[in-house]
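Inspection log for the structure reproduced underneath, given as structure tokens.
Residue numbers (the working numbering): 114 to 348.
What follows is the structure, encoded as structure tokens:
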């Protein structure tokens, strides 16, 4: 998501972390998933398998889902490789062992591209290494690069927890830490720690704590669950 931290070091920080929260005025949630305003456990946003599963999902499945949403991405073709958005998403998710459903939810919460028929947001599709109020970090702008960036960082955060117990931002299982809302959170699993590393905001839909200033990670959860139901139902 577009960063709220207007610091001189924002670009460098963006390269090592993921993204921050989207302002409410810009909240990119126009799909039907926004109709149900559920609240979510801020200490366990999603399961590890929600982020790392989805191995059986095919390129055709992703393509069909994009078409069902009337997404611009359903007809997108990378100008350099000639690959479709579905092929790019599936390849990155396979490479980094990320669930394609999670990646689609990440794209929607960051840029609205999954639920939009317009091309706006391609260069910042996953908000990866993209400071608020500025462009993406050098080498990370463009749809394919954004998908790779999100997959690479998400996978790296899991590796960091496995290796030293916490991510580069200090998020780990059973480790209490404050989000930027601020809310006090103690992640119950790796996935939750990973999500807060990428987007250190609870946002508007937390059960135990929430804020009115950003959509945050709980909006990601809402969108993921809606998309997961669609895939389970056959698209």
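Backbone N, C-alpha and C fix where the C-beta goes; we use that ideal spot for every residue, glycine too.
Bounds of the alpha helix (DSSP H) holding residue 177 are 172-181. Excluding its 5 nearest sequence neighbours in each direction, residue 308 has C-beta neighbours in its own chain below 6 Å: 158, 330, listed in chain order.
CA-to-CA, the gap between residue 313 and residue 239 works out to about 15 Å. The residues 165, 268, in chain order, have a CB closer than 8 Å to that of residue 210 in the same chain once the five nearest residues on each side in sequence are set aside. The C-beta of residue 151 has fewer than 16 other C-beta atoms within 10 Å across all chains shown, which makes the residue exposed. If you draw a 10 Å sphere on the C-beta of residue 232, you find fewer than 16 other C-beta atoms in it, and that means exposed.
Here the region 168-175 makes contact with the region 194-212; the two share three or more CB pairs at distances below 8 Å. Where residue 265 is concerned, the enclosing alpha helix (DSSP H) starts and stops at 256-277. Listed in chain order, the alpha helix (DSSP H) elements of length 4 or more contained wholly in the region 296-345 are 303-311, 329-345.
According to the DSSP assignment, residue 280 belongs to no alpha helix (DSSP H), since it is labelled neither H nor E. Short of 8 Å from the beta carbon of residue 203, and not among the five residues preceding or following it, lie these beta carbons of its own chain, in chain order: 170, 171, 172, 175, 213.
When secondary structure is reduced to three states using DSSP, residue 229 falls in the coil class, being assigned neither helix nor strand. Between residue 241 and residue 266 a beta carbon distance of about 6 Å is seen, short of the 8 Å cut, so the two are scored as contacting. Looking at the DSSP output, residue 290 bridges to 298. Shown here, residue 153 sits in a strand according to DSSP, grouped into three states. As DSSP reads the structure, residue 190 sits in a beta bridge with 197. Residue 239 carries a coil assignment under DSSP once its states are collapsed to helix, strand and coil.
For residue 223, the enclosing alpha helix (DSSP H) stretches over residues 213-224.
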